[in-house]
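First up is the structure itself, then whatever we jot down about it.
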Amino acid sequence: RAFVDYYGFARAKIAVGQDMRLSSPELAKNFIRGAQEQGADILDLGQASSPMVHYAIDRDRLVGGAVISASHAAKEINGIKLITRNTTPVNLETGLAE
5 RAFVDYYGFA RAKIAVGQDM RLSSPELAKN FIRGAQEQGA DILDLGQASS
55 PMVHYAIDRD RLVGGAVISA SHAAKEINGI KLITRNTTPV NLETGLAE
């Protein structure tokens, strides 16, 4: 919800992908539900790598997206990579602290 609200993505479409961790489907489902409740439309890519999500955002001219993944962390750890306009990763310089 905060991602959609902070970046003004209500009434916009975002892509969501997930890695193969066992916890990813449940995290993706809940991320999607929160984003939809906040007003976003979702392109659910299912299992997809970060580059695939970036490609979908660029190809479909979406406003952003998310990848449920902890990259190279241990399989017991999971997280989320947030992506905003022009496939810019969300980090401390682009709004993560807020």
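Here my numbering is used: the first residue of the sequence shown is 5, the next is one more, and so on. Glycine included, every Cβ here is placed at the ideal spot set by N, Cα and C.
Q | Buried versus exposed, by CB contacts within 10 Å (16 or more), residue 86 | A | Buried, since its Cβ has 16 or more Cβ neighbours within 10 Å.
Q. Whose CA, out of 8, 10 and 79, lies closest to the CA of residue 23?
A. The residue with the shortest Cα to Cα distance from residue 23 is 79.
Q. Could you give the distance in angstroms between the alpha-carbon of residue 64 and the alpha-carbon of residue 48?
A. For residue 64 and residue 48, the distance between alpha carbons rounds to 13 Å.
**Q.** Three-state class that DSSP yields for residue 20 in the structure shown
**A.** Here residue 20 carries a strand assignment [DSSP, helix/strand/coil].
Q. Any idea what DSSP makes of residue 33, helix, strand or coil?
A. Residue state, collapsed to three classes: helix.
Q. Near residue 11, which residues of its chain fall below 6 Å by C-beta distance, leaving aside the five closest residues on each side in sequence?
A. Correct list, in chain order: 88.
**Q.** Nearest-angstrom Cα separation, counted from residue 93 out to residue 99
**A.** In a straight line, the C-alpha of residue 99 is about 10 Å away from that of residue 93.
**Q.** CB-CB length for residue 72 against residue 13, believed under 8 Å
**A.** Residue 13 and residue 72 do not touch by the CB rule: their CB atoms are close to 17 Å apart, not below 8 Å.
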